[in-house]
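As C-alpha cells, the structure follows; a few thoughts come after it.
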Amino acid sequence: QVQLQESGPGLVKPSETLSLTCTVSGYSINSVNSAYYWGWIRQPPGKGLEWIASFSHNGRTYHNPSLKSRDTISVDTSRNQYFLRLSSVTAADTAVYYCARENRYGSGSYFVSWGQGTQVTVSS
Amino acid sequence: QSVLTQPPSVSGAPGQRVTISCTGSSSDVGAAYDVHWYQHLPGTAPKLLIFGNTNRPSGVPDRFSASKSGTSASLAITGLQAEDEADYFCQSYDNSLSVVFGGGTKLTVL
Chain A
2 QVQLQESGPG LVKPSETLSL TCTVSGYSIN SVNSAYYWGW IRQPPGKGLE
52 WIASFSHNGR TYHNPSLKSR DTISVDTSRN QYFLRLSSVT AADTAVYYCA
102 RENRYGSGSY FVSWGQGTQV TVSS
Chain B
5 QSVLTQPPSV SGAPGQRVTI SCTGSSSDVG AAYDVHWYQH LPGTAPKLLI
55 FGNTNRPSGV PDRFSASKSG TSASLAITGL QAEDEADYFC QSYDNSLSVV
105 FGGGTKLTVL
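Line by line, the protein sequences give chains A and B. Here the first sequence is numbered in my numbering, starting from 2 and rising by one per residue. Here the second sequence is numbered in my numbering, starting from 5 and rising by one per residue.
In C-alpha cells:
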C-alpha cells in the first residue's frame, strides 16, 4: 500500500521560497502507469482545499493557474521523493500542505492516497 | 473562494440521514467531469470516500452514497454515527485540466 509523507520547514519568511519534500513508500514514482500522477494540495487555515500542481512519471505536469507560475515540481526517482518549491511567498501561502497520489483519466481525476500533511507558516 | 460551492455546515442526530450538496458550473461539474468526495478529520490525511460520482472504495461503508446531476452533486450519509463527524469535500476537474475543490462542509453529529 502506497504511503506518502511530507516534510519541510514549518516557518518561511515572506518573499522567500518554500521548499517541501514528499517521500513515497510502497510504490515507485517511476512506475510506468499512465493513470498515476503525483500532486500537491494545500489547505489554508479556515478554508477549503486548493490544488497546487501534479506531475506524471513521463514528465507531464499540470499547475493551478491561480499560483501564477510561482510553483515548481521536481522529482528524485532514486530516493522515491518529489518536491514542491513555491517562490515569493506571502502570508496567504500559510497552509497545511499535502502530497497525494492522483488517478487521472478521461473524465477527471481523484486523489487515492494522501500524506498526513505538514504545516507551513509564512511569517517574519 | 472555492470553485465548487458546498454548505459550510450540516448536522444530524445519530441514525438520521444527511445530505451535502456540491454545486459547480458548466466548465467543471457540468462539463461531464466526475465528482469525488473526501472525508477529512483535522490533523489526519483526507480519505477518499466516493470516486467517479457514485463509487465507494473498498472499506467505505454503504451508508455513504453519492449522486451527480447536471452542475451539481450530492453526498448522502444514512444511519449517522458519531464517528462520521468530520469535514467533507467534493472535488472535480475543469476544462483547463485543473483539479477543483469545494470549500468543505463540517458535519456535526448532534
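We put the beta carbon where it would ideally sit given N, CA and C, even for glycine.
Here the region 68-80 of chain A does not lie against the region 52-65 of chain B, with fewer than 3 beta-carbon pairs under 8 Å apart.
Shown here for Pro-45/A: same chain residues with a beta carbon closer than 6 Å to its own, the five before and five after excluded, namely Ala-96 in chain order. DSSP places Leu-50/A in the coil class of the three-state scheme, outside both helix and strand. Burial check for Pro-18/B: the Cβ neighbour count within 10 Å stays below 16, so the residue is exposed.
Membership of Ser-30/B in any beta strand (DSSP E) is not indicated, and neither H nor E is assigned to it by DSSP. Close partners of Asn-65/A in chain B (Cβ separation under 7 Å): Ser-102.
Nearest C-alpha to Cys-23/A among Ala-93/A, Tyr-83/A, Tyr-106/A and Ser-57/A: Tyr-83/A. Below the 7 Å Cβ cutoff, chain B contributes Phe-105 as neighbours of Glu-51/A, in chain order.
At a cut-off of 8 Å, the C-beta of Phe-112/A has a neighbouring C-beta in chain B. Following the DSSP letters along the chain, one finds Asn-104/A inside the beta strand (DSSP E) bounded by residues 96-106. The continuous beta strand (DSSP E) containing Thr-109/B extends over residues 109-113. Taking 8 Å as the CB threshold, Phe-68/B stays off the interface with chain A. Per the Cβ contact rule, the region 26-37 of chain B is in contact with the region 73-82 of chain B (3 or more Cβ pairs under 8 Å). Close to Gln-117/A, with beta-carbon spacing below 7 Å, are these residues of chain B in chain order: Thr-48 and Ala-49. Looking at Ser-125/A, Gly-116/A and Ser-124/A, the one whose alpha-carbon comes closest to that of Leu-21/A is Gly-116/A.
The C-alpha of Ala-86/B lies about 41 Å from the C-alpha of Pro-15/A. Comparing alpha carbon positions, the residue from Ser-89/A, Ser-26/A and Ser-57/A closest to Lys-69/A is Ser-89/A. Look at the beta carbons and you see the region 82-100 of chain B touching the region 43-53 of chain B: at least three pairs across the two are nearer than 8 Å. The Cβ neighbour count for Tyr-106/A, taken over all protein chains shown within 10 Å, is under 16; the residue is labelled exposed. Those residues of the region 99-111 of chain A placed with their C-beta closer than 9 Å to a C-beta in chain B are Tyr-99, Ala-101, Glu-103, Asn-104, Arg-105, Tyr-106, Ser-108, Gly-109, Ser-110 and Tyr-111, ordered along the chain. Under the DSSP assignment, His-44/B falls in the beta strand (DSSP E) whose first and last residues are 40-44. For Tyr-28/A, no pairing in a beta bridge is given by DSSP.
Where Gln-85/B is concerned, there is no enclosing beta strand (DSSP E), because DSSP gives it neither an H nor an E.
Beta-bridge pairing by DSSP links Asp-77/A to Gln-82/A.
Contact annotation: Asn-81/A and Val-25/A have beta-carbon atoms nearer than 8 Å.
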